[in-house]
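Heads up, the thing below is written out as structure tokens.
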Amino acid sequence: METEKNYQEPQECPQQEITTEDELTKSQCADAEEPTATTEDDKVADPVEVLTAQLAALNDSHLRLMAEYDNYRKRTLKEKSDLIRNGGEKVLTELLPVIDDFERALENITDTSDAAAVKEGVELIYTKFMDYLQRQGVRRIETAEQPFDADLCEAIAVIPAPTEAQKGMIVDCVKSGYTLNEKVIRHAHVVVGE
Numbered sequence: 000m001e002t003e004k005n006y007q008e009p010q011e012c013p014q015q016e017i018t019t020e021d022e023l024t025k026s027q028c029a030d031a032e033e034p035t036a037t038t039e040d041d042k043v044a045d046p047v048e049v050l051t052a053q054l055a056a057l058n059d060s061h062l063r064l065m066a067e068y069d070n071y072r073k074r075t076l077k078e079k080s081d082l083i084r085n086g087g088e089k090v091l092t093e094l095l096p097v098i099d100d101f102e103r104a105l106e107n108i109t110d111t112s113d114a115a116a117v118k119e120g121v122e123l124i125y126t127k128f129m130d131y132l133q134r135q136g137v138r139r140i141e142t143a144e145q146p147f148d149a150d151l152c153e154a155i156a157v158i159p160a161p162t163e164a165q166k167g168m169i170v171d172c173v174k175s176g177y178t179l180n181e182k183v184i185r186h187a188h189v190v191v192g193e
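Just so you know, the sequence shown maps onto residues 0 to 193 in numbering that gives the first Met the number 0.
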């Protein structure tokens with residue numbers, strides 16, 4: 000039991016277990032004289048570990064950036080395809096009243112015997128449709144008494160000019176041409192005097 004009374008826990012060296020006082024004093028002196036090599040290594044980090052950590056952080060950042068770009072690309076492709084698929088919705092919605100007028104005309108055409116009324120109804124529908132096209136930017140290419148312009152017209156026939164003034168001029172328009180916002184979407188098919 001006396002050994003238990005004399006036994007004291009070392010304050011400075013908790014990592015070593017010492018049972019006698021002599022061993023305690025020897026170990027305390029040895030600890031005070033020896034510098035520890037591990038503490039100096041802990042202060043200065045290993046450059047390989049630092050570079051490895053930086054590489055891992057940059058790689059993670061790169062992977063996240065690539066994933067974000069891929070998501071952005073997929074999202075914009077989806078938005079673009081939706082825009083292409085539904086882009087004509089407004090144009091077609093505004094065209095529906097013209098279709099309604101045609102349906103009413105077809106229902107009433109069999110009941111009427113007045114050809115002038117039918118003609119007037121068809122002309123009203125035609126005028127309404129042409130107004131709609133003009134609102135959308137579609138314009139008819141004027142060909143009556145105009146000089147032949149290969150950028151706007153396509154000559155389907157050349158005939159001798161009835162008068163000297165009609166040489167190189169458009170004599171007749173077989174099919175009307177149209178432009179959309181100043182861009183030709185269909186050339187006019189015309190007969191040119193020579």
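By construction, the Cβ of each residue, glycine as well, lies at the ideal position given by its N, Cα and C atoms.
Checklist line | Nearest to Q145 (by Cα), restricted to the options V137, Q133, A164 | finding: If you number the sequence shown from 1, residue 145 lands on position 146. Closest option to Q145, Cα to Cα, is A164.
Next item on the list: Starting from the C-beta of H188, find all residues in its chain whose C-beta is less than 6 Å away, skip the five residues before and the five after it, and write them out in chain order.
Entry: Translated into the one-based positions of the sequence shown, residue 188 becomes position 189. The residues are E153, I155, V173, K174.
Check: V97 and K127 look like a contact to me (Cβ under 8 Å); what is the Cβ gap, rounded to whole Å?
Finding: Taking the first residue of the sequence shown as 1, we reach residue 97 at position 98. Taking the first residue of the sequence shown as 1, we reach residue 127 at position 128. Taking a contact as a CB-CB distance under 8 Å, the pair V97 and K127 counts as one, their CB atoms being some 6 Å apart.
Checklist line | Span of the alpha helix (DSSP H) around H199 | finding: In this structure the chain extends from 0 to 193, so residue 199 is not present and cannot be described.
Note to self: Using only CA atoms, which one of T178, Q133, K182 lies nearest to E93?
What the structure shows: As a first step, residue 93 is located in the sequence shown; it is residue number 94 there, counting from the start. Considering only alpha carbons, the answer is Q133.
Check: With distances taken from CA atoms, which of V190, R139, Y131, G136 is nearest L95?
Finding: For the purposes of this step, residue 95 is taken as the residue at position 96 of the sequence shown. The option with the nearest alpha carbon to L95 is Y131.
Notebook entry, point to check: Three-state secondary structure (DSSP) at I169?
Noted result: Your numbering for residue 169 matches position 170 in the sequence shown. Of the three classes helix, strand and coil, the one that applies to I169 here is strand, per DSSP.
Notebook entry, point to check: What are the boundary residues of the beta strand (DSSP E) that includes I83?
Noted result: As a first step, residue 83 is located in the sequence shown; it is residue number 84 there, counting from the start. Here I83 belongs to no beta strand (DSSP E); instead the alpha helix (DSSP H) covers 46 to 85.
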